[in-house]
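Chemist: Here's a structure for you.
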Amino acid sequence: MPQAEHQPVLLDAALAALAVKPDGVYIDATFGRGGHSRALLAALGDGGRLIAFDQDPDAERNAQALAAEDTRLTFLRASFSELAARVAALGLAGHIDGLLFDLGVSSPQFDVADRGFSFRHAGPLDMRMNPDVGAPVADWLHRASHGEIASVIKRYGEEPFAGRIAGAILEAREKAPIANTVELAELVRAAIPARVAAGKRVHPATRTFQALRMHVNDELGALDAALDASLDVLAPGARMAVISFHSLEDRRVKRFMRGQAQPAQPPVPMAPVPAPSLKLVGKPVRADAQETAANARARSAIMRVAERTDAARVTT
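Position 130 (the sequence shown) corresponds to 142 in this note's numbering; numbering is contiguous.
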């Protein structure tokens, strides 16, 4: 099946937020299919440099093709959870002029059935961002308890029927392993009351698939590590822009940025309030009507921007 063209979300807004300097060194922490990276390279001059991260093998192939055309691009096949170590190894810790995160799964990944991200096409229950690391979600579903499955679906999917869905999975796996994405999606649909499923604008399995994907990839843990690493890699005055697509990610980004930009009074009486390590830049940015009409994925996007100061990180 041909892959859908991936449209980068909030492209112009992200470039404006980063205030790209022609001779700067920038990081695209989520290369994906390279939409944001290409725009960053176009904004850079001959002396500029772009470092791109991604753990997806298809992203790597796209990035290598682009790097063959443009030597200003350095691609690292790695999770952005490794940001601090990888940038330090390049000798660039504290010298990055801008950092961009576009979180979540890219549209082409959903369209490749073998990756198991989508219930629209029958495929193996994998869901790993990096298929060379860890085990597919099918293995976890085969051994996890009812409580573990329900907890993951409730925590990462905010699914009110997590317990019923977990029960349906356990009942099904007693007869035979759950074979593919479509089978799991139908199990979830059947577990949710018909009156509730009928009122949903999206497929009833959407929250469950999101939760399982986030769990098998430890997406929130990786995000926490990357946000913390941003304080080590960014130069004073450099900006970071984070594009999120659901509330679990955005709440973490918001809490991190505010915690570093608006330090709380230490518990020790009369102790000085730490200097902020970040400065919030503008208000959260959402796609306008024109972009959302052209790209449905943009409807849920929200971008937060912060600027690094010269102060040490705030201990929260």
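For glycine and all other residues, C-beta sits at the position ideal for the given N, C-alpha and C.
#1: Quick check on M139: buried or exposed, where buried means 16 or more other Cβ atoms within 10 Å of its Cβ?
#2: Quick one: residues in its chain with C-beta nearer than 7 Å to the C-beta of P216, no 5 flanking neighbours on either side, listed in chain order?
#3: Please state whether the Cβ-Cβ distance between L290 and M315 is less than 7 Å.
#4: Can the beta-carbon of A75 be found less than 7 Å from the beta-carbon of F43?
#5: If we call anything under 7 Å between Cβ atoms a contact, is P335 one with G60?
#6: Which residue marks the beginning of the alpha helix (DSSP H) containing A287, and which one marks its end?
#7: Report the option in Q274, L292, V293 whose CA atom is closest to the CA atom of V285.
#8: Below 8 Å, how does it come out for the segment 162-174 and the segment 185-195: are there three or more Cβ pairs, yes or no?
#9: Would A238 count as contacting chain B if we go by Cβ distances under 7 Å?
#10: Tell whether a beta-carbon distance below 7 Å holds between L27 and A299.
#11: Within the segment 237-308, note down every full alpha helix (DSSP H) run reaching 4 residues or more, in order along the chain.
#12: Below 6 Å CB to CB, which residues in the same chain sit around D240 once its five sequence neighbours on both sides are set aside?
#13: Starting from the C-beta of A150, find all residues in its chain whose C-beta is less than 6 Å away, skip the five residues before and the five after it, and write them out in chain order.
#14: Could you pull out every residue in the same chain whose Cβ sits closer than 6 Å to the Cβ of M13, ignoring the five residues on either side in sequence?
#15: Which of the three DSSP states is assigned to D114 in this structure?
#16: Under 8 Å by Cβ, that's how I've got V245 and I108 pegged, so tell me the actual separation to the nearest angstrom.
#17: Apply the 10 Å Cβ neighbour rule to V228 and answer buried if 16 or more other Cβ atoms are within range, or exposed otherwise.
#18: Which residues in the same chain have their Cβ closer than 6 Å to the Cβ of R325, if we skip the five residues on either side of it in sequence?
#19: In or out: D262 buried (at least 16 other Cβ within 10 Å) or exposed?
#20: What's the gap between the Cα of S130 and the Cα of E198?
#21: Would you identify the three-state DSSP class for F87, choosing helix, strand or coil?
#22: Give the secondary structure of I314 by DSSP, where H, G and I count as helix, E and B as strand, and everything else as coil.
#23: Note down, one range per segment and in chain order, each alpha helix (DSSP H) of at least 4 residues found wholly within the segment 18-95.
#24: Suppose contacts are defined by Cβ-Cβ distances below 7 Å. Is F65 in contact with A96 by that definition?
#25: Have a look at K295 and R132 and give me their C-alpha separation to the nearest angstrom.
#26: Which one of V254, L224, A223 has the shortest CA to CA distance from L235?
#27: Determine the DSSP secondary structure at Q15, reduced to helix, strand or coil.
#28: Buried or exposed: where does A313 fall if 16 or more other Cβ atoms within 10 Å of its Cβ makes it buried?
#29: Shortest alpha-carbon distance to L62 belongs to which of A323, L104, R73, A25?
#30: Please name the residue, chosen from R309, R213, A180, A25, that lies closest to S157 on a Cα-to-Cα basis.
Modeler: Judging by the given coordinates:
#1: Working through the sequence shown from its first residue, we reach residue 139 at position 127. Per the 10 Å Cβ criterion, buried.
#2: Locating residue 216 in the sequence shown gives position 204, where the first residue counts as 1. Excluding sequence neighbours, P216 sits near V200, R201, I204, A209.
#3: The residue labelled residue 290 in the question sits at position 278 within the sequence shown. The residue labelled residue 315 in the question sits at position 303 within the sequence shown. Cβ atoms of L290 and M315: not closer than 7 Å.
#4: Counted from its first residue, the sequence shown places residue 75 at position 63. Counted from its first residue, the sequence shown places residue 43 at position 31. Yes, these two residues count as a Cβ contact at 7 Å.
#5: Here the chain has residues from 13 to 328 only, and residue 335 is not among them.
#6: Along the sequence shown, one-based indexing puts residue 287 at 275. Counting along the chain, A287 falls outside any alpha helix (DSSP H), and DSSP gives it neither H nor E.
#7: Within the sequence shown, numbered from 1, the residue matching residue 285 stands at position 273. V285 has its Cα closest to that of Q274, out of Q274, L292, V293.
#8: no
#9: Reference to chain B is not applicable here, since this structure consists of a single protein chain.
#10: Counted from its first residue, the sequence shown places residue 27 at position 15. Counted from its first residue, the sequence shown places residue 299 at position 287. No, the Cβ-Cβ distance between L27 and A299 is not below 7 Å.
#11: 259-273, 301-306
#12: Here residue 240 refers to the residue found at position 228 when the sequence shown is read from its first residue. Hits under 6 Å: none found.
#13: On the sequence shown, position 138 is the one that residue 150 refers to. For A150, where only same-chain residues beyond five positions count, the Cβ hits under 6 Å are L137.
#14: Along the sequence shown, one-based indexing puts residue 13 at 1. Any reading at M13 must be qualified, since the residue scores a pLDDT of 36, below 50, and its modelled position is unreliable; the value itself is stated next. Counting only Cβ-Cβ distances below 6 Å, and skipping sequence neighbours, we find nothing.
#15: To locate residue 114, count along the sequence shown from 1; it is residue 102. D114: strand per DSSP, three-state reduction.
#16: Your numbering for residue 245 matches position 233 in the sequence shown. Your numbering for residue 108 matches position 96 in the sequence shown. Rounded, the Cβ-Cβ distance is 5 Å, consistent with contact.
#17: Here residue 228 refers to the residue found at position 216 of the sequence shown. It is buried - the Cβ of V228 has at least 16 other Cβ atoms within 10 Å.
#18: What you label residue 325 is simply residue 313 of the sequence shown in a count that begins at 1. Cβ neighbours of R325 beyond the five flanking positions: L243, S289.
#19: Locating residue 262 in the sequence shown gives position 250, counting from the first residue. Buried, by the Cβ-count rule.
#20: Residue numbering aside, residue 130 sits at position 118 when the sequence shown is read from its first letter. Residue numbering aside, residue 198 sits at position 186 when the sequence shown is read from its first letter. Cα to Cα, S130 sits roughly 13 Å from E198.
#21: Walking along the sequence shown from the start, residue 87 turns up at place 75. Here F87 sits in strand by DSSP.
#22: On the sequence shown, residue 314 is found 302 positions in, with the first residue counted as 1. Correct three-state label for I314: strand.
#23: 23-30, 47-55, 69-81
#24: Counting from 1 along the sequence shown, the entry for residue 65 is found at position 53. Counting from 1 along the sequence shown, the entry for residue 96 is found at position 84. For F65 and A96, no; Cβs fall outside 7 Å.
#25: Taking the first residue of the sequence shown as position 1, residue 295 is located at position 283. Taking the first residue of the sequence shown as position 1, residue 132 is located at position 120. Taking the straight line from one Cα to the other gives about 36 Å.
#26: Translated into positions along the sequence shown, residue 235 becomes position 223. With distances taken between Cα atoms, L235 lies closest to V254.
#27: Residue mapping note: residue 15 aligns to position 3 of the sequence shown, counting from 1. Annotation note: pLDDT 42 at Q15 (below 50); position unreliable, no value reported.
#28: Mapped onto the sequence shown, residue 313 falls at position 301. By the 10 Å Cβ count, A313 comes out buried.
#29: Position 50 of the sequence shown, counted from the start, is the residue given in the question as residue 62. Closest option to L62, Cα to Cα, is L104.
#30: As a first step, residue 157 must be located in the sequence shown, where it is residue number 145. Nearest C-alpha to S157: A180.
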